[in-house]
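One rule links them: number in the numbering used here = place in the sequence shown (from 1) + 1.
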Amino acid sequence: MIPIFVYYFSWDNLGVFEIKRLISVLIVLQLITTACDSKTNSALNPNIKHNDVLVQQNKMPNEMPDDFNFLVRFGLGESRKNEINTYNNTVTKDLIIHGTATAKVAFTKEEKRNIYEKMREINIMGTKELIPTLPTDQSCDKTPYNEDSWQISVIGETKTLVWSDKNCEVTIDAKQLLELRTFIQKLVVGKEAYKELPEAEGGYD
């Protein structure tokens, strides 16, 4: 049988010094317990802090605001002659050797809402990493290269984004922007006004 020791505690047996020391020990034990509980919760829920940051960064409303608009220019190099512009409801097509052609093209409310939802999914108004980091021995300089530039306005804030594949590699954020632009471009090419624009002739070296 394991002996059980019972200690009868009495404040009367303690002096002022002992009482202060006991209180100090109890405070230290409480702090240690709190710290352990905090570490345990963090270990069990590693995404809590990360999710909080994401929620704070994504300030785009769930519903598309009335002032939502965007402009995206894309093409080879800094010319970026193709343009989709909801501020003016216009689309510009690069005809290469024949310059450009512009048509009045407007998205339906549903199309624009779908575009907004896709932008919100990638938190387009948040911080983006658009320049790839490559080791010196893996550097690359592509010519010609594709480049996209964006301007997005949401609830009074306007954000500008630019990415290219000049360095041969693109970041995850840049790939998301490319997928978004491709989605929007498919909507545009289905519009009758766009179909009536002249065909592009020639090419880029």
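Virtual Cβ for every residue (Gly too), placed ideally from N, Cα, C.
Just so you know, these numbers come straight off a predicted model, no measurement behind them.
Looking at the DSSP output, alanine 107 shares a beta bridge with no other residue. Under DSSP, no beta-bridge partner is assigned to leucine 178. Under the 10 Å beta carbon count, glutamate 193 is surrounded by fewer than 16 other beta carbons and is classified as exposed. The shortest CA-to-CA distance from methionine 65 to any of Glu118, Lys105, Thr101 is the one to Glu118.
Annotated three-state conformation of threonine 183 is helix, per DSSP. With respect to the 9 Å criterion, tyrosine 205 and proline 145 are classified as neighbours on the basis of their beta carbons.
Nearest Cα to lysine 105 within the set His99, Leu135, Thr87, Leu96: Thr87. Secondary structure note for glutamate 158: its beta strand (DSSP E) is the uninterrupted segment 158-165. In the three-state reduction of the DSSP assignment, isoleucine 173 falls in the helix class. For lysine 143, no beta strand (DSSP E) encloses it, and the DSSP letter there is neither H nor E. Under the 10 Å beta carbon count, isoleucine 98 is surrounded by fewer than 16 other beta carbons and is classified as exposed. Judged by DSSP secondary structure, lysine 196 falls within the alpha helix (DSSP H) whose first and last residues are 193-196. About 5 Å separates the Cβ atoms of isoleucine 153 and phenylalanine 71, confirming a contact at the 8 Å cut-off. Annotated three-state conformation of glutamate 200 is coil, per DSSP. Shown here, lysine 113 sits in a helix according to DSSP, grouped into three states.
For glycine 127, no beta strand (DSSP E) segment is defined, and its DSSP state is neither H nor E.
Taking C-alpha positions only, tryptophan 151 is separated from aspartate 166 by approximately 15 Å. For lysine 129, the CB contacts under 7 Å within the same chain, skipping 5 residues up- and downstream, are Leu162, Asp174 in chain order.
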